[in-house]
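Using the working numbering, read the sequence shown as starting at 418 and increasing by one per residue. Ideal Cβ placement from N, Cα and C applies to all residues, glycine included. Note that the structure is a prediction, hence the values are computed from the model and not measured.
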Amino acid sequence: MPKYKLSRSSYRHAQVKSNQQIVQLEHTGLLNISNTTNGFIDETSIDKNVLQLDDFDYSFLSSYVEKENTDANFVTSCDKNPKTPIWNDLSNGNELNFRTIHNKSLPLDLDPSKLADWAIENSITHAAINSLLSLLKPFHSNLPTDARTLLSTPRKLKLDIIEPGHYYHFGLNIAVTKLIQKYGKNLECIKICINIDGLPLSKSSSNQLYPILCNLYENPQVVETVGLYQGFDKPKNANLLLERFIGEAVSLTLNGFHCNGYIIPFKIVAFICDAPAKAFILFTKGHTGYNSCSKCHIEGTFINNRVCFPEVDNLRLRTDTDFREKVDDGHHVGTSLVETIPNFDMVNDIVLDPMHLIHLGVMRKLLILWIEGKPGSKLPSLKVKMISDHLLSLKHNIPIEFNRKPRSLSDIKRFKATEFRQILFYTGPLILKSVLSFDMYLNFLSLHAATTILSNSTLICELGDYADSLFKYFITTFGVLYGKDQISHNIHNLIHISKDAKQFGILEQFSAYPFENYLQRFKTLIRKGDKPLPQIIKRIMEQHSSQHTSTQLFEKFPVPKNPHFDGPLLNFEYLEQYKQINFNNFILKLSEADSCCCLHDKTVVLIKNFVKTAENLFIIGQKFEQIEDYYTEPCKSSILDIFLVSRIGALCSWNVNQIAFKCVKFPFGNKFVVFPLLHSATTK
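So this is what it looks like as structure tokens:
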């Protein structure tokens, strides 16, 4: 019985298969062989590396041998007789190049669309893709040779000239189609919000973008591009920028959106813009003008070289008819194409953006006044340092939903909107309590309480009018504490934002945060400084051609994640343990910062474990036995679901369906202050 010498890994593979007749080796088997060293073990190797192969059928391998091969030893045998089983060469002492067999004769189909999705998802450059394709093409004939073919990159672009730059229109119809695909639910009416804002492309030049963006009112986190302007200054005429978009908007509003043979009613429910962009597209006075308020007929007062708006009572509200007829000549500087959109209210449907108005406007102004203001409002440097130190000490208590951790007030000029929001809703009531005077702290709390009410859909219905009163109290006392000249356009518009909340829902529902996050993506699409607009357009078109859709958009919540076996456990049987549960708009984990929640009965729980039985998900944790108000003015904090908690109890279990919301928990002496998480979770 002849013996054939094989490498160790080949021996192990054949030993498993030796008792059966193999008709065809799987590719994985040859891959294992290809990873062995070339050549064979010498005759001094131990006997267990010798395999008896007399009964083994090798004839099938002859079909994998090509007539031409660059391996000299291999070509000599195969060229003489292509049908000769290559295993016969082994008996003649020839080496077998298994790597050549695998690479040349065992092609594996590679789906080009999956490769394209990978390249788009990871922002792979065309040069890198071309290099990869040149390596893969010899073994995967179905792949293209060029990245532009793989990614369906458009070769030519038609740009519209809009002085002093260029504009490209993707199309409102296409954008809405993408939004509906990502939403994954049936809609009785398609409600769209529009955002227009400027984005500087670099700090060293005036090159800038002016995108027209849209999102679904029901799913504001997903944003699509309608059109894109690029130039070294903003467009000279806003109507030229809006012309093609408005044309589509009018057609869709009148005729509906055609989807899968159905006609779905279509409506643009709101424009969400900051004050300069709003004035630009509506042809109205800017925020420094005397008649700049878009909601009422108030006329500003000039005090200390600035226009201010100190009145809070008896304000005559603007109406859609007033706007279209230009009743207030001092408010208008032209006529906007936005007025041609059917069933669109030029006053009520142009919302006040909470991000720019409250967070970047009012909250930032308060901090600047405390740090750099006039005597009487400016805090001593020691107190400013106390605020900064307290902020930094809370870093480890900030949940996963926050994109940024607290930092020192010395960096305030670099603060982002989310950092001002964090101070207003969460850290501010804690860190300012021992620093500000009673009147200044109460003034801040009135702003905090009013915005908290407008960030909770239940509280808007119950306490919406009270939020109105709190805003008026804030503006009045703000003028007393900091001067009437400080009551700017943003401070004044707090009077009107509660009306927008009653119409559109919680502040998060009509804020510019989703658009602002999307804007930053444009910069990542630019790979060289020259011709940024065509680069961005091509990258977006490549994304449109991709078949990849995130499964997270259609995931059913709650979803347990990260299994473990560490406990603690109660009297559960046949259970699984997890370190995390993802809900629709927040994430609970076993970490210190993410393990606190409030139940529907107002029980505050510190979670110690997540367990799953055959039918249900449960949390195991300890509830706080003592719950009290953290503050009592201007209202009891418990009304806003803000509590001072202490005295941790014994371990208990609750069904996850009993969880009402996630809490942000901060230490306060030997107790804790807990705040409801008000903004949506960041996808992780």
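In the DSSP output, which residue or residues are listed as bridge partners for residue i?
{"i": "residue 762", "result": "Answer is none; residue 762 lacks a bridge partner."}
{"i": "residue 1045", "result": "1061"}
{"i": "residue 1071", "result": "1036"}
{"i": "residue 878", "result": "DSSP, once it has assigned bridges, lists no residue as partnering residue 878."}
{"i": "residue 749", "result": "701"}
{"i": "residue 1027", "result": "995 and 1036"}
{"i": "residue 617", "result": "625"}
{"i": "residue 1013", "result": "1023"}
{"i": "residue 768", "result": "689"}
{"i": "residue 1076", "result": "1016"}
{"i": "residue 631", "result": "611 and 641"}
Does the separation of the CB atoms of residue i and residue j fall below 8 Å?
{"i": "residue 959", "j": "residue 568", "result": "yes"}
{"i": "residue 608", "j": "residue 684", "result": "yes"}
{"i": "residue 859", "j": "residue 846", "result": "no"}
{"i": "residue 951", "j": "residue 574", "result": "yes"}
{"i": "residue 931", "j": "residue 637", "result": "yes"}
{"i": "residue 648", "j": "residue 700", "result": "no"}
{"i": "residue 799", "j": "residue 857", "result": "no"}
{"i": "residue 687", "j": "residue 768", "result": "yes"}
{"i": "residue 1060", "j": "residue 1044", "result": "yes"}
{"i": "residue 759", "j": "residue 633", "result": "no"}
{"i": "residue 534", "j": "residue 963", "result": "yes"}
{"i": "residue 1003", "j": "residue 811", "result": "no"}
{"i": "residue 936", "j": "residue 614", "result": "yes"}
{"i": "residue 829", "j": "residue 788", "result": "yes"}
{"i": "residue 826", "j": "residue 852", "result": "no"}
{"i": "residue 564", "j": "residue 552", "result": "no"}
{"i": "residue 630", "j": "residue 603", "result": "no"}
{"i": "residue 1016", "j": "residue 1075", "result": "yes"}
{"i": "residue 1065", "j": "residue 1041", "result": "yes"}
Under the three-state reduction of DSSP, which class applies to residue i: helix, strand or coil?
{"i": "residue 953", "result": "helix"}
{"i": "residue 755", "result": "helix"}
{"i": "residue 1089", "result": "strand"}
{"i": "residue 992", "result": "coil"}
{"i": "residue 1081", "result": "strand"}
{"i": "residue 716", "result": "coil"}
{"i": "residue 610", "result": "strand"}
{"i": "residue 739", "result": "helix"}
{"i": "residue 899", "result": "helix"}
{"i": "residue 807", "result": "helix"}
{"i": "residue 841", "result": "helix"}
{"i": "residue 1095", "result": "coil"}
{"i": "residue 818", "result": "coil"}
{"i": "residue 642", "result": "strand"}
{"i": "residue 733", "result": "coil"}
{"i": "residue 802", "result": "helix"}
{"i": "residue 978", "result": "strand"}
{"i": "residue 904", "result": "coil"}
{"i": "residue 826", "result": "helix"}
{"i": "residue 786", "result": "helix"}
{"i": "residue 636", "result": "strand"}
{"i": "residue 911", "result": "helix"}
{"i": "residue 648", "result": "strand"}
{"i": "residue 793", "result": "coil"}
{"i": "residue 778", "result": "helix"}
{"i": "residue 1004", "result": "strand"}
{"i": "residue 527", "result": "coil"}
Tell me, to the nearest whole angstrom, how far the beta carbon of residue i is from that of residue j; I am working on the premise that it is less than 8 Å.
{"i": "residue 925", "j": "residue 1096", "result": "6 Å"}
{"i": "residue 1081", "j": "residue 816", "result": "6 Å"}
{"i": "residue 1073", "j": "residue 998", "result": "6 Å"}
{"i": "residue 1063", "j": "residue 1025", "result": "Contact doesn't hold; Cβ gap of about 18 Å is too wide."}
{"i": "residue 929", "j": "residue 770", "result": "5 Å"}
{"i": "residue 736", "j": "residue 755", "result": "Going by Cβ atoms, the distance from residue 736 to residue 755 rounds to 16 Å, so no, they are not a contact pair."}
{"i": "residue 901", "j": "residue 725", "result": "6 Å"}
{"i": "residue 669", "j": "residue 547", "result": "Contact doesn't hold; Cβ gap of about 40 Å is too wide."}
Check the Cβ-Cβ distances between residue i and every residue of chain B, and say whether any is below 8 Å.
{"i": "residue 728", "result": "Annotation note: the requested chain B is absent from the structure, which comprises a single protein chain."}
Should residue i be counted as a contact of the ligand FMN given a C-beta to heavy atom distance under 7 Å?
{"i": "residue 937", "result": "This structure lacks the ligand FMN, and indeed carries no ligand of any kind."}
Discussion item. My parser needs the beta strand (DSSP E) runs of 3 or more residues fully inside the region 663-731; what are they?
Written reply: 674-676, 679-681, 683-690, 718-720 and 723-725
Fill in: beta strand (DSSP E) segments (min. 3 residues) lying fully within the region 538-615
577-579, 582-586 and 607-613
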